[in-house]
Amino acid sequence: MTGRLVVVGTPIGNLGDCSPRAADALRTADRIACEDTRRTGKLTTLLGIEHGPLVVLNDHTEAVRADDLVAAMLDGQVVALVSDAGMPGIADPGERLVASAVAAG
2 MTGRLVVVGT
12 PIGNLGDCSP
22 RAADALRTAD
32 RIACEDTRRT
42 GKLTTLLGIE
52 HGPLVVLNDH
62 TEAVRADDLV
72 AAMLDGQVVA
82 LVSDAGMPGI
92 ADPGERLVAS
102 AVAAG
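Quick note on my numbering: the sequence shown kicks off at 2 and runs consecutively.
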């Protein structure tokens, strides 16, 4: 089975406003690519989610980590992409990962 990238919107204000669909995406991901592990860790803890590794994806790491995450997807893993708040790729890292995943098929 081929892996995939799941782009997950997170609450802008109250972390408790996370949708059931977003929570399920985080729960079932093999890896979670996030801007800040502290913020994402708080969210997953609040939701009672045991998750795979949190991978920092920010302006300093995106160039290197995007290739690693695409390789993981090609190996069949599911990667969830989240930002600190809102939809990833709007005003934060993630654009390169999405473009690389699309290019890889």
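The C-beta atom is built at its ideal place from N, Cα and C for all residues, glycine as well.
Exercise. Express the C-alpha separation of Thr-45 and Ala-23 in angstroms, rounding to a whole number.
Key: As a working mapping, residue 23 is identified with position 22 in the sequence shown. As a working mapping, residue 45 is identified with position 44 in the sequence shown. About 11 Å.
Self-check item: Opening and closing residue of the alpha helix (DSSP H) in which Leu-27 lies
Solution: The residue you call residue 27 lines up with position 26 of the sequence shown. Its alpha helix (DSSP H) spans residues 21-29.
Quiz item: With a CB to CB cut of under 8 Å and the five nearest residues on each side skipped, what residues in its chain are close to Ala-26?
Solution: Position 25 of the sequence shown, counted from the start, is the residue given in the question as residue 26. Once the five neighbours on either side are set aside, the close Cβ partners of Ala-26 are Val-7, Val-9 and Ala-81.
Quiz prompt | Cβ shell of Val-94 (< 7 Å), same chain only, five flanking positions each side left out | solution = Stepping through the sequence shown from its first residue, residue 94 is reached at position 93. Strictly speaking, residue 94 in this sequence is Pro, with Val absent from that position. Closer than 7 Å at the Cβ level, and outside the excluded window around Pro-94, lie Glu-36, Leu-58, Asn-59, Asp-60 and Glu-63.
Quiz prompt | C-alpha gap between Gly-14 and Gly-49, whole angstroms | solution = As a working note, residue 14 is residue 13 in the sequence shown. As a working note, residue 49 is residue 48 in the sequence shown. The alpha-carbon atoms of Gly-14 and Gly-49 are separated by roughly 19 Å.
Exercise. Flag Glu-36 as yes when its Cβ comes closer than 8 Å to any non-hydrogen atom of the ligand SAM, and as no otherwise.
Key: With respect to the ligand SAM, the structure shown offers nothing to examine, as it has no ligands at all.
Quiz item: Hey, would you say Gly-4 sits closer than 9 Å to Asp-76, going by beta carbons?
Solution: What you label residue 4 is simply residue 3 of the sequence shown in a count that begins at 1. What you label residue 76 is simply residue 75 of the sequence shown in a count that begins at 1. Yes, Cβ-Cβ distance for Gly-4 and Asp-76 is below 9 Å.
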